[in-house]
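Have a look at the structure below before the remarks.
Numbering (my numbering), first residue to last: 4 to 155.
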């Protein structure tokens, strides 16, 4: 699982190979950087989360011709999968009213004036807090030692 704080030990992410119906690639996530920033939008505090993920292809279910277009598509799919995982974790945390990501702490530190205005209602506000998640994924290289990937 990718954490918003950007701390992972090792993560594997399975993504669908572009333009196929049943082929998948496993990407090892080996670096995550993230930044969480409170912002005011439309008079309300929101959180912007930017995540950068670097990985390498560890396995595929079939030979994969690695053209620049295929690589771009895999990176977009990886970014969307990571974003979906973060959104699912956020939804669960908001359902339990548990600020496990430290959004309140971030608002307190970076926007103390605004925090004082919302502090008493934070438990209620957290459950409907708007969080904008941006993910950039880069697949740097293949971790495979056989010919299942052919780079062009």
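Note that CB positions come from ideal geometry on N, CA and C, so glycine has one too.
Predicted model, so just to flag it, every value in this text is computed and none were measured.
The Cβ atoms of residue 20 and residue 27 lie closer than 8 Å to each other.
By DSSP's assignment, residue 33 forms no beta bridge with any residue. The region 69–78 makes no contact with the region 97–108, as fewer than three CB pairs between them are under 8 Å.
Counting only the Cα atoms, residue 86 lies some 10 Å from residue 92. Taking every protein chain shown into account, the CB of residue 43 has fewer than 16 other CB atoms within 10 angstroms, so this residue is exposed.
Under the three-state reduction of DSSP, residue 135 is assigned to strand.
Around the beta carbon of residue 66, a 10 Å sphere encloses fewer than 16 other beta carbons of the protein chains shown; the residue is thus reported as exposed. Around the CB of residue 41, 16 or more other CB atoms lie within 10 Å, so the residue is classed as buried. In terms of Cβ geometry, residue 61 and residue 29 form a close pair [threshold 8 Å]. Residue 100 is positioned such that its CB atom lies no closer than 8 Å to that of residue 63.
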